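Residue numbers for the sequence shown follow this note's numbering, so the first one is 42 and each next one is one higher.
All C-beta atoms, glycine included, are put in the ideal place defined by N, C-alpha and C.
The model shown is predicted, which means the values in this text are computed figures rather than measured ones.
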Amino acid sequence: ASIASSDLGLLLRDEVFVDFFNIFLNLPVFGQTPIYISGTGRWYLWPELPSHPDPSPAALLAWLEKHRLPHFCQSSLCLHLVLCQKLLGFIRSGEAAELLNWQSADQWLLEKCISGSHGMWHFRAFVRGTAGEELIDFWLITERLLGLDESDVSQRDLFLSLLQRLRATHLREGSSVISLCSTPAGSLRKARHIESISTRREILSKMQEQALFTIQSYWLPKFFMHCKMGMEKEESCQPLLQEYQERLLEADWQELPGFSEPLPTMHIRKSRGLSGPYCSLQAKAEVWALVKEGRHTQELKTATSQVRPERQPGPAGCTEKSHLDKDALGSISQQSEHPANCAFGGKGGVTSLRRRRSSAEHVIQLENLSKEKTLSDLLPSASLNQLPSLKKHVKTLDFLPWALSAEVCAGRPFRDFLRRQNRSMETHLLDLWHDLEEFLPVVLDSSRENSFFLRHLIGEKICKTYLEEDSTEKLPLENRTLTSLWNHLICGEFSPWIFRAQKEICKVLCSFYEEFLADDDRTFLRFMAPGSDVAVPEVPGRAAGRGEHFHLAQRMNQSLKLSQALQGTRSLEGVSSKHWQLLAARDLQKGGSIQAEMELLL
42 ASIASSDLGL
52 LLRDEVFVDF
62 FNIFLNLPVF
72 GQTPIYISGT
82 GRWYLWPELP
92 SHPDPSPAAL
102 LAWLEKHRLP
112 HFCQSSLCLH
122 LVLCQKLLGF
132 IRSGEAAELL
142 NWQSADQWLL
152 EKCISGSHGM
162 WHFRAFVRGT
172 AGEELIDFWL
182 ITERLLGLDE
192 SDVSQRDLFL
202 SLLQRLRATH
212 LREGSSVISL
222 CSTPAGSLRK
232 ARHIESISTR
242 REILSKMQEQ
252 ALFTIQSYWL
262 PKFFMHCKMG
272 MEKEESCQPL
282 LQEYQERLLE
292 ADWQELPGFS
302 EPLPTMHIRK
312 SRGLSGPYCS
322 LQAKAEVWAL
332 VKEGRHTQEL
342 KTATSQVRPE
352 RQPGPAGCTE
362 KSHLDKDALG
372 SISQQSEHPA
382 NCAFGGKGGV
392 TSLRRRRSSA
402 EHVIQLENLS
412 KEKTLSDLLP
422 SASLNQLPSL
432 KKHVKTLDFL
442 PWALSAEVCA
452 GRPFRDFLRR
462 QNRSMETHLL
472 DLWHDLEEFL
482 PVVLDSSREN
492 SFFLRHLIGE
502 KICKTYLEED
512 STEKLPLENR
522 TLTSLWNHLI
532 CGEFSPWIFR
542 AQKEICKVLC
552 SFYEEFLADD
562 DRTFLRFMAP
572 GSDVAVPEVP
582 GRAAGRGEHF
592 HLAQRMNQSL
602 KLSQALQGTR
612 SLEGVSSKHW
622 QLLAARDLQK
632 GGSIQAEMEL
642 LL
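Right, here's the structure in full:
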């Protein structure tokens, strides 16, 4: 709430906020996906404004405050930002120095390690599988829940859903939260069952405070030791460690308060005079077409030559040449390109797999199925001159799953659009798509915290909300799809029909998503370039370089992967050498987490 009511110009002075906000702005559900480089004060727009001489930063901030910031405040990224700020506040405090015997150099290094969205990802990856993971999950859910007004009809369903999730996981007997967050006698019973709003909120708030203190006083010091040990083994981190040692030798080293340098004047990179009407839908289609064509090009699979990119100032998405990410657009793990029964080799595919394979092999098989739609065949060694020309027309349906994957991480802007249009059935379908999306990683990864409880909880919720007899008439899906979903989800089991259902939903929502993008374009132009044209989807927009398209695709993909990992719809991978390199490369004034990822790709 405090972020939503703040002036965006002031918020953008905080490097940590800028890092999280950039990740949010570059999620591929949106039409306009800008990025802000705080060190230079420059905004980069994509798509660019057509032939606009002097775009106004004030107009851009006004548009962002009204049409992006409210959704950011509803996102998991915002919750992680709040947690990150609280952890940083503790690290910088005298209480931490006294309690943990930290010197200013220790505080400086830990702040470097945990700042920003990638820093929070690293921290969450470190505590995965421990009580710390459950404490962080509890803190995040409770923070979201306590920010809701359950007397508001529009918020009550979400409130009850979050409360039910807490009861089924973190507030059950034997959970780490109950064990570590001591409460007065009888308060557990009250938190689970009492109807008094004030009492329930007070108990949850106290438990949340205790969870946060345990995270700060126990898990942060362990993370600090983990970071120092990891950096010592990584050559690229040596300059960072050297500065840390120098600060240790200077006992009285103290950062000057406030900003050491004057803030740069905020401005927008001027349009390069590209012709054609403004159309984010066409721009997305161009990006997707190039990647989709490249995936099926044999030269890309066998290419071994490398081309050093021509570097230009600004974010990596604005350069003209690059290598291709091996995991390009690889975050679309939720939708199979083929019908589910075909992907499993026929109607009885799942049954035969269960009979013939061990449970471990079965999980691997299901994970492979869930990655059918990924574009992971693009080799980083392929050069741009080996990329194919755009020959096939790309339909919105081709990249809609990519956009919907990002929608839940972006505060549900498409859902908000459908509700404003009074499209209750389409909103219901979109909710089902996302609930199925939430169910997939839980059922496919049994190592997740509370996996057993969550898959049954989510499965039963989907069945009761969408698949019961009085609900099925509202859903324009095939009867066999609905029946097959019910038969598996009511038992908390995986079903390949999840992919079939999501594909059918996408066909229904496709035209509405095009309307959503067109509405987003019109709104953006009203603020930025009154009187400018907006293209209809069938009209080709301005042409851009293939290298630029791949950079943009990578930038959006990195944002989506990081957001999904923090959201919980993508499994947290283990900490590897790559992540220590990211830590060494990350500079919050020069693009932060996105730019660090792109630097490694380049």
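Discussion item. With H, G and I counted as helix, E and B as strand and the rest as coil, what does DSSP make of Leu410?
Written reply: Residue confidence is low: Leu410 scores 41 on pLDDT, short of 50, so the model does not pin down where it sits. Its coordinate-derived value is still stated next. In this structure, Leu410 counts as helix in the three-state DSSP scheme.
Discussion item. Measuring straight from C-alpha to C-alpha, what distance separates Ser258 and Glu139?
Written reply: 11 angstroms
Practice prompt. Pick helix, strand or coil for Ile44, following the three-state DSSP scheme.
Written response: coil
Worksheet item: Per DSSP, His308 is paired with what?
Response: Note: His308 sits in a beta bridge opposite Arg83.
Worksheet item: Contact check, Leu508 vs Leu495 under 8 angstroms by CB: the rounded distance?
Response: Contact flag wrong, Cβ pair sits at about 18 angstroms.
Discussion item. Within 10 Å of its beta-carbon, does Arg567 have 16 or more other beta-carbons around it, so buried, or fewer, so exposed?
Written reply: exposed
Worksheet item: Taking three-plus beta-carbon pairs below 8 angstroms as touching, is the region 447-456 in contact with the region 586-606?
Response: yes
Worksheet item: Can you give the Cα-Cα distance for His529 and Glu479, rounded to whole angstroms?
Response: 15 angstroms
Item to complete: Out of Val168, Ala172, Gly135 and Leu129, point me to the one whose CA is closest to Leu153's CA.
Response: With the sequence shown as reference, residue 153 is identified as Lys, and Leu is not the correct amino acid for it. Considering only alpha carbons, the answer is Leu129.
Fill in: C-beta contact flag for Pro88 and Ser239 at 7 angstroms
no
Item to complete: Buried or exposed for Leu51, please, with buried defined as at least 16 other CB atoms from any protein chain shown within 10 angstroms of its CB.
Response: exposed
Worksheet entry | Candidates His592, Glu284, Phe264 and Asn463, of which the one nearest Val616 by Cα | Phe264
Worksheet entry | Check whether Thr437 and Cys547 have beta carbons under 7 angstroms apart | no
Fill in: Delimiting residues of the beta strand (DSSP E) encompassing Tyr77
Ile76 to Ile78
Fill in: Beta-carbon proximity list for Ser116, same chain, < 7 angstroms, skipping 5 on both sides
Phe65, Cys450, Ala451 and Gly452
Discussion item. Extract the residue ranges of the alpha helix (DSSP H) inside the region 456-518, only unbroken runs of 4 or more that lie entirely within it.
Written reply: Taking 4 residues as the shortest admissible run, the region 456-518 contains the following complete alpha helix (DSSP H) segments, listed from N- to C-terminal end: 465-485, 492-503 and 510-513.
Discussion item. Using the three-state DSSP reduction, which class does Pro111 fall into: helix, strand or coil?
Written reply: Helix, per DSSP.
Worksheet item: Going by Cα to Cα distance, which pick from Pro517, Phe61 and Asp560 is closest to Lys544?
Response: Pro517
Worksheet entry | Alpha-carbon spacing of Arg185 relative to Phe493, whole angstroms | 23 angstroms
Item to complete: Would you kindly work out how many angstroms separate the C-alpha atoms of Pro280 and Leu485, rounded to a whole number?
Response: 40 angstroms
Discussion item. For a test of the three-state rule: what should DSSP assign to Ala570, helix, strand or coil?
Written reply: coil
Practice prompt. Compute the Euclidean distance between the alpha carbons of Ala324 and Glu589, then round it to the nearest angstrom.
Written response: When rounded, the distance between both Cα atoms is 11 angstroms.
Worksheet item: In angstroms, rounded to a whole number, what distance separates the CA positions of Lys631 and Gly80?
Response: 6 angstroms
Discussion item. Quick check for students: name the residue ranges of the alpha helix (DSSP H) that lie wholly in the region 582-631, counting only runs of 4 or more.
Written reply: 587-608 and 618-626
Worksheet entry | The alpha helix (DSSP H) enclosing Ala137, as first and last residue numbers | Gly135 to Leu141
Discussion item. Determine whether the beta carbon atoms of Leu176 and Ile78 lie at a separation below 7 angstroms.
Written reply: no
Item to complete: Ignore the nearest five residues each way along the sequence and tell me which others in Ile531's own chain have a CB closer than 6 angstroms to its CB.
Response: Cys504
Discussion item. Can you tell me whether Asn520 is helix, strand or coil according to DSSP?
Written reply: helix
Discussion item. If contacts are defined as beta-carbon pairs under 8 angstroms, then Gly200 and Leu189 qualify, I think. What distance do you get, rounded to the angstrom?
Written reply: Note that residue 200 is Phe in the sequence shown here, rather than Gly. That belief holds up - the Cβ atoms of Phe200 and Leu189 are roughly 5 angstroms apart, short of 8 angstroms.
Fill in: Simplified DSSP state of Arg144, which is helix, strand or coil
Strictly speaking, residue 144 in this sequence is Gln, with Arg absent from that position. Note: Gln144 maps to coil in three-state DSSP.
Fill in: Inter-residue CB distance, Gly500 and Asn63 (contact presumed, cutoff 8 angstroms)
Not quite, the Cβ-Cβ distance comes to about 35 angstroms (not below 8 angstroms), so this is no contact.
Discussion item. Helix, strand or coil, according to DSSP, for Pro454 in the structure here?
Written reply: helix
Worksheet item: Is it the case that the Cβ atoms of Trp84 and Ile244 are separated by a distance below 7 angstroms?
Response: no
Fill in: Expected contact under 8 angstroms - CB spacing of Glu614 and Glu174 to nearest Å
At roughly 14 angstroms, the Cβ-Cβ gap does not stay under 8 angstroms, so Glu614 and Glu174 are not in contact.
Practice prompt. Quick one: grab the DSSP three-state call for Asp366.
Written response: Reliability of the predicted coordinates at Asp366 is poor, the pLDDT of 39 falling under 50, and the value obtained from them is presented with this limitation in mind. In this structure, DSSP gives Asp366 a state outside helix and strand, which the three-state scheme calls coil.
Worksheet entry | Spatial neighbours of Arg169 in its chain, beta-carbon cut-off 7 angstroms, leaving aside the 5 residues before and after | Leu613
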